[in-house]
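Report on the structure given below.
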Amino acid sequence: MEKDDTILEVKDLVKHFPMGGGLFGRGQKIVHAVNGINFKVKRGETLGIVGESGCGKSTAGRTIIRLYEPTSGQIFFEGQDVTKAHGSDLLNLRRKMQMIFQDPYASLNPRMTVGDIVGEGLDIHKLASGQARTDRIYELLEVIGLNPEHANRFPHEFSGGQRQRIGIARALSVNPRLIICDEPISALDVSIQAQIVNMLEELQEKMGLTYLFIAHDLSMVKHISHRIAVMYLGRIVELTDSYELYKNPQHPYTKALLSAIPIPDPRVEATRKRIVVQGSVPSPIDPPSGCYFRTRCPYVKGICAEEVPQLKELGNNHVAACHLL
0 MEKDDTILEV KDLVKHFPMG GGLFGRGQKI VHAVNGINFK VKRGETLGIV GESGCGKSTA
60 GRTIIRLYEP TSGQIFFEGQ DVTKAHGSDL LNLRRKMQMI FQDPYASLNP RMTVGDIVGE
120 GLDIHKLASG QARTDRIYEL LEVIGLNPEH ANRFPHEFSG GQRQRIGIAR ALSVNPRLII
180 CDEPISALDV SIQAQIVNML EELQEKMGLT YLFIAHDLSM VKHISHRIAV MYLGRIVELT
240 DSYELYKNPQ HPYTKALLSA IPIPDPRVEA TRKRIVVQGS VPSPIDPPSG CYFRTRCPYV
300 KGICAEEVPQ LKELGNNHVA ACHLL
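Sequential numbering from 0 applies to the sequence shown in numbering that gives the first Met the number 0.
Shown next as structure tokens:
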């Protein structure tokens with residue numbers, strides 16, 4: 000991979016999960032969770048990944064960080080192929096790539112104090128010990144808006160928003176360069192969501208962090224992301240700058256998603272036409288031929304069932320996968 004400001008590059012990433020089956024795998028079915036996605040993330044930017052539940056966005060994030068082993072494809076982080084890393088090389092990569100999980104209640108060990116949760120990464124990667132470790136934990140707690148005395152408390156003593164802040168401090172403890180945010184605000188109250196997003200933006204500016212921000216709330220993704228990728232049934236169907244996506248969506252699925260977002264102007268909202276997508280998302284075990292969205296698309300043509308649409312350049316760093324473009 001050429002040297003440039005790209006920190007993460009994903010090439011033809013595929014993740015399938017075998018399901019069921021009898022002896023020797025006979026009759027085994029395959030869940031097609033991620034189906035050949037490609038994108039790059041520049042150092043210091045935020046790439047948002049959006050889509051309905053089950054579209055594969057969280058699976059993609061977990062595969063990139065190797066919590067799941069990829070079925071095929073390549074993942075380059077700072078020029079190093081993550082898919083070929085093992086042992087100490089993989090451990091070092093995981094220090095540079097951290098994850099913030101969706102559920103702040105399930106992602107923290109209830110038997111560990113906050114200090115031990117935040118300091119666990121320091122211990123694993125041997126980054127600090129003794130007083131230096133304690134000082135680092137206190138520093139991180141202050142960065143996320145908690146106090147040093149909170150270090151001796153347990154997760155159940157905190158609210159959902161505070162627990163997510165603790166999860167963020169844990170990710171920051173090892174000085175990562177890329178943080179994969181897997182729906183970090185979806186389990187929180189709306190008022191707390193804005194606080195967490197604002198804090199993530201401040202941390203990015205202060206520490207030069209790069210984010211892969213996974214979410215289903217398009218309005219919140221617009222607020223934090225520089226670019227946005229829209230996923231449907233394991234494929235990226237559109238990718239462009241945040242402003243361009245909201246101003247000029249091209250894929251029928253993206254248009255439908257954006258039409259569902261309320262506009263805080265009664266006059267505009269009253270005259271706006273809602274694009275309703277019929278039916279439900281097809282099963283990833285038996286996806287349709289050709290374009291995966293064709294079974295729900297109001298503009299479907301014959302070619303949509305025959306050929307898989309490829310991402311096309313539309314100008315302004317805008318790509319979309321649709322036969323009608």
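Glycine is no exception: its CB is placed at the ideal position from the N, C-alpha and C atoms.
**Report entry** Beta-carbon spacing of F292, Y252 below 7 Å
**Finding:** yes
Query raised in the report: DSSP state of E243, grouped into three classes?
Result: helix
**Report entry** D80 (DSSP reduced to helix, strand or coil)
**Finding:** strand
Report task. Taking 7 Å as the cut-off, decide whether the C-beta atoms of S224 and I260 are in contact. Result -> no
**Report entry** Start and end residues, alpha helix (DSSP H) containing D216
**Finding:** No alpha helix (DSSP H) contains D216, which DSSP labels as neither H nor E.
Query raised in the report: On the premise that I6 lies in contact with E77, defined as a C-beta separation below 8 Å, what is that separation, rounded to the nearest angstrom?
Result: 6 Å
**Report entry** For M230 and I48, believed in contact at Cβ under 8 Å, the rounded distance
**Finding:** 6 Å
Query raised in the report: Going by DSSP, what residues sit across from V33 in a beta bridge?
Result: K14
Requested in this report: Give the C-beta separation of I36 and I235 to the nearest angstrom, bearing in mind that I take them to be a contact with Cβ-Cβ under 8 Å.
Outcome: 5 Å
Query raised in the report: My guess is that Q249 and C321 are in contact by the Cβ rule of under 8 Å, so how many angstroms apart are they, rounded?
Result: 7 Å
Query raised in the report: Are I284 and K14 close, meaning C-beta to C-beta below 7 Å?
Result: no
Query raised in the report: Taking only runs of the alpha helix (DSSP H) that begin and end inside the region 81–121, which ones reach a length of at least 4 residues, in chain order?
Result: 86–95
Query raised in the report: K10 and G50: beta carbons closer than 7 Å?
Result: no
Requested in this report: Could you check the C-alpha separation between S288 and N34 for me, to the nearest Å?
Outcome: 13 Å
Query raised in the report: So what does D181 bridge to, in DSSP terms?
Result: I213
**Report entry** Assigned exposure category for I123 - 16 Cβ within 10 Å defines buried
**Finding:** exposed
Requested in this report: Excluding the 5 residues preceding and the 5 following A84 in the sequence, name in chain order all residues of the same chain whose CB lies nearer than 7 Å to its CB.
Outcome: L92
Report task. Could you pull out every residue in the same chain whose Cβ sits closer than 6 Å to the Cβ of T58, ignoring the five residues on either side in sequence? Result -> K14, A32 and V33
Report task. Can you give me the Cβ contacts of T62 inside the same chain, cut-off strictly under 6 Å, excluding the 5 residues immediately before and after it? Result -> K14 and P69
Query raised in the report: Taking the alpha helix (DSSP H) that V189 falls in, what are its first and last residues?
Result: V189 to M206
**Report entry** Enclosing alpha helix (DSSP H) for Y252 [first to last residue]
**Finding:** P251 to S258
Query - Neighbourhood of C54 by C-beta distance below 8 Å, restricted to the same chain and skipping five residues each side - result: M230, Y231, L232, G233 and V280
**Report entry** Rounded separation between F75 and G301 - CA only
**Finding:** 37 Å
Query raised in the report: DSSP on L313, reduced to helix/strand/coil?
Result: coil
Query raised in the report: Should A84 be counted as a contact of the ligand MN given a C-beta to heavy atom distance under 6 Å?
Result: As presented, the structure is devoid of all ligands, the ligand MN included, so that no description of it is given.
Requested in this report: Using the Cα positions of E1 and E312, report the straight-line distance between them to the nearest angstrom.
Outcome: With a pLDDT of only 44 at E1, under the threshold of 50, the placement of this residue in the model should not be trusted, and no figure is reported.
Query - Option nearest E141 by Cα separation, candidates G129, E119, G120 and S172 - result: S172
Query raised in the report: Given a threshold of 16 other Cβ atoms within 10 Å of its Cβ, counted over all protein chains shown, does E204 qualify as buried or as exposed?
Result: exposed
Query raised in the report: For I184, which residues from the same chain have a beta carbon less than 8 Å from its beta carbon, with the 5 sequence-adjacent residues on both sides left out?
Result: Q163, I191, Q192, I195, V196, A214, D216 and M219
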